[in-house]
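These notes concern the structure reproduced below.
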Amino acid sequence: MAAVPFFSAFSLNDLMFMAQGAAKTLLLTLWSGLLGTVVGVVVGWIRSTRAPVVSQLLGVYIDVIRTVPLIIQFIVVNSGASILGAPLTPFGTGILVLSFYMGGFVAEVVTAGIHAVSDTLRKAGRSLGLSYWKDVRYIVLPLSLRAVFPAWIGLLLGLMKDSSLIAVVGYIELLRASQIIINRTEQPLQVLLGAGAFYFVMSFAASRYAASLERRWQF
Amino acid sequence: MDYTLQCGVVWKAWPELAHGALVTIELTVLCMLLGLAFGTLLAVAKLSQRRALGLLSQCWVEIARNTPALLQVYLAYFGLGAFGIHLDPWWAVLLAVTFNSAGYLTEILRGGLLAVSPQQRAAALSLGMRSWQAYGYVILPQVLRIVFLPVMNQLVWTLLATSLGMIIGLNDLAGETAIQQSLTFRPFEFYTVAALLYYLIAKSMIVTAQASGRRLFRY
Amino acid sequence: MIEIEDVHKSYGKLEVLKGVSMSVQRGEVVVLIGASGSGKSTLLQCINGLESIESGRILVDGTDVHAPSTDINELRRRIGIVFQSFNVFPHYTVLENVALAPRIVLGLTRQQARERARDHIAKVGLSEKLDVFPSKLSGGQQQRLAIARALAMNPDYMLCDEITSALDPELVNEVLDTLRMLSRDGMTMIVVTHEIPFAREVADRVVFFDSGTVCESGPPDEVIGNPRNERTRQFLGKML
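Chains as they are written, first to last, in our numbering: chain A, 83 to 301; chain B, 96 to 314; chain C, 231 to 470.
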């Protein structure tokens, strides 16, 4: 490597550009995380009831979402929307696809969380006279949340990392911004390490937090 | 909408897509095998008494799991360029996806190793077996059964991860799809077929793995 | 013969064996009795080197078990051990479980190992279960499998660590019968057990363990029938 100082090729503009990318990554992650969670909770709850046809169909949705590369999902939705005459912005495509993607994973976690509350506990609650909804509110919900929360954080972090793929339909989040700067400055290592540091710090901190919560909630 | 779906163009590109699929499968298998090899070494390192080994292993795992796979591909493809190493897209994807898979597999394998009762090792050693015999004949076969399902999930994950190569110009299934659709301006048809192909490849891998699993784990 | 000389063993700060001395002659059946946690199981695992010791010596036919120069794998071929929790290999059939060590440790051919395995499996009465996996066996059958597996190495000594404690009561006898047979065949055994009547019947010598030391030792009729030590009397009073 040249003897030139490490960050000589970078201007303040570049850093601003990267920071904007990082902000967009967070925006995308938080919005699709939120919507995906809503979708996932609904789907997961329906599947936990084991209702005949609906559960199977939802199962297929979850299966497909997890077995097709995310890049391809982005492109299919993006081009499909154009064909249907309602073209989406890159951000729109990202939110749409990532929400359903996140929803699929959240659904599985939610179903497992609901089942984790053993039937005997629920029978005890019902025997005490709790209605179905009270049973859900006072017994299933608190216990499920504890089972589900650490896993949910993990999914959210996965979502943040996967958001980097949205670049393929032209949205300029952190990683795409990095690539653009690399092309200009020819300093791939510093840029990538910088971007990597951002992802790493956010992800590592959040997962450590989730792990400590999991430990505290062991019962 | 005034658009007619033309699947015929996809059919015409069949040889190229098939070739891409082969590249995808080849890369997936290689990455998994190498990932398992490294994952085993790292899992053993983590469980060993020597702190330096454990720390090294931990670093690999944390970096692999807390940064986007695409970033890791970029680091392999662009980042190494800073050191004068210019890898082919194929090698960059092999390096990056192996690194990534190994990180996840380490945790899976470590869990598996811990799940086998230490008494099994005591029994094996008491019969006069050397340490490597105890591991090879008694412990690892049992670990294999325990980790089978998570490893299969990781296999699908690896398959999907190889599609990232498309962004740096790899000629795998996703990459070939990109090339072909740019010749005919039919992204929707092409990528939908690609999605289907990925789904089929993933499912065949799972079915094959499950069949071998049933034969290996008759107990 | 096995000689145990003033052995001390600690787990961290907790001293489990506080100066244990005893010896076992060839052909003897020595039964160790005592409360849980008194160190009996630990002693057994020290004899075949699974556990280390802080001070003292254990000699098996003159070889110091814990000396760095000792080939521990070679030593372990001469000592068979059966555990409370069976520890049979779940991924091998009955036949494979017993034939494995003779093949990979002693170097027998697959054919020879299987023949030897069949003999020992027949001895413990499991011949109809040769190709069955342990998950399909009862606890008593699994324990007999563990005994056959240890015997297949033709050990000079057998160590039995509370091998009936994890069994349902109706399955205990089949295992004790196997031990009776072994003692009749002249096998040198150190047996840790809670089955006091069995101890009285089979033992040449009974040793009572209390808090990490040998409290009383002697022929079964003495130690069990007419104990001299107060603690021995208290322990037996609780057991019988």
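The beta carbon of each residue, even a glycine, is placed where N, CA and C say it ideally should be.
In this text the structure is predicted, and so the values were computed from the model without any measurement.
| Check | Outcome |
| --- | --- |
| Along the chain, where does the alpha helix (DSSP H) that runs through residue 387(C) open and close? | Segment 387-391 is the beta strand (DSSP E) holding residue 387(C); no alpha helix (DSSP H) there. |
| Enumerate in chain order the residues of its own chain whose CB-to-CB distance from residue 148(B) is below 7 Å, with the five nearest sequence positions on each side excluded. | 140 |
| Report the neighbours of residue 383(C) on chain B: residues whose CB is nearer than 8 Å to its CB, in chain order. | 222 and 223 |
| Any idea which residues DSSP pairs residue 293(C) with across the strands? | 290(C) |
| For residue 237(C), is the classification buried or exposed, using 16 other Cβ atoms within 10 angstroms of its Cβ as the cut-off for buried? | buried |
| Determine the contact status of residue 281(A) and residue 195(B), defining contact as a CB-CB distance below 9 Å. | no |
| Examine chain A for any beta-carbon lying closer than 9 Å to the beta-carbon of residue 96(B), and answer yes or no. | Since pLDDT at residue 96(B) reaches only 43, below the 50 mark, its modelled position is unreliable, and the value read off the structure follows with that caveat. Yes - at least one Cβ of chain A is within 9 Å of the one on residue 96(B). |
| Name the one or two DSSP bridge partners that residue 471(C) has. | Within the shown structure, residues of chain C are numbered from 231 to 470, placing residue 471(C) beyond reach of any answer. |
| Helix, strand or coil: which one does DSSP assign to residue 280(B)? | coil |
| Following the continuous alpha helix (DSSP H) through residue 291(A), name the residue where it begins and the one where it ends. | 270-298 |
| State buried or exposed for residue 243(C), treating a residue as buried only when at least 16 other CB atoms are found within 10 Å of its CB. | exposed |
| So the candidates are 273(B), 201(B), 216(B) and 186(B); which of them puts its Cα closest to the Cα of residue 161(A)? | 273(B) |
| Quick test of your reading: residue 286(B) and residue 158(A), contact by CB under 8 Å. State the CB separation rounded to the nearest angstrom. | 5 Å |
| Given 8 Å as the limit, is there contact between the segment 300-319 of chain C and the segment 376-387 of chain C, that is, 3 or more CB pairs closer than that? | yes |
| For chain E, find out if any of its Cβ atoms is closer than 9 Å to the Cβ of residue 243(B); answer yes or no. | Included in the structure are the protein chains A, B and C, with no chain E among them. |
| Taking beta-carbon pairs under 7 Å, can you tell me which members of the segment 166-179 of chain A lie near chain B? | 166 and 167 |
| Which class does residue 446(C) belong to by DSSP, given the choice of helix, strand or coil? | strand |
| Opposite residue 311(C) in the DSSP bridges: which residues? | 389(C) |
| For residue 244(A), count the other beta carbons within 10 Å of its own beta carbon; 16 or more makes it buried, fewer makes it exposed. Which is it? | buried |
| If we ignore side chains and look at the alpha-carbon of each, how far apart do residue 83(A) and residue 177(B) end up? | Low confidence applies to residue 83(A): its pLDDT is 45, below 50, so where it sits in the model is not reliable, and the reading given next is rough at best. Roughly 7 Å between the two C-alpha positions. |
| Residue 118(A) to residue 288(A), Cα distance in whole Å? | 18 Å |
| For residue 175(A), which residues in the same chain have their Cβ closer than 8 Å to its Cβ, ignoring the five residues on either side in sequence? | 156, 159, 160, 163, 248, 251 and 253 |
| Could you say which of 369(C), 293(C) and 325(C) lies nearest to residue 348(C) if we only look at CA atoms? | 325(C) |
| Please name the residue or residues paired with residue 232(C) in a DSSP beta bridge. | 254(C) and 290(C) |
| Under 8 Å by Cβ, that's how I've got residue 390(C) and residue 367(C) pegged, so tell me the actual separation to the nearest angstrom. | With a Cβ gap of about 19 Å, residue 390(C) and residue 367(C) do not count as contacting. |
| Suppose you measure from the CA of residue 431(C) to the CA of residue 444(C); what does that come to, to the nearest Å? | 21 Å |
| Taking Cβ positions, are residue 308(C) and residue 385(C) nearer each other than 9 Å? | yes |
| Of all the options 470(C), 462(C) and 447(C), which has the alpha carbon lying nearest to the alpha carbon of residue 250(C)? | 447(C) |
| Run down chain C in chain order and give the residues with a C-beta less than 7 Å from the C-beta of residue 233(B). | 319 |
| From the DSSP secondary-structure annotation, give me the bridge partner or partners of residue 245(C). | 240(C) |
| Measure from the alpha carbon of residue 435(C) to the alpha carbon of each residue in 352(C), 442(C) and 418(C), then state which is nearest. | 418(C) |
| What span of residues does the alpha helix (DSSP H) with residue 440(C) cover, start to end? | Segment 435-440 is the beta strand (DSSP E) holding residue 440(C); no alpha helix (DSSP H) there. |
| Buried or exposed: which applies to residue 145(B), given that a residue is buried once 16 or more other Cβ atoms fall within 10 Å of its Cβ? | exposed |
| Can you list, in chain order, the residues of its chain whose CB lies under 7 Å from that of residue 282(B), leaving out five sequence neighbours each side? | 276 |
| When you compare the CB of residue 310(B) with every CB in chain C, is at least one pair closer than 9 Å? | no |
| Assign residue 312(B) to one of two classes, buried (16 or more other C-beta atoms within 10 Å of its C-beta) or exposed (fewer than that). | exposed |
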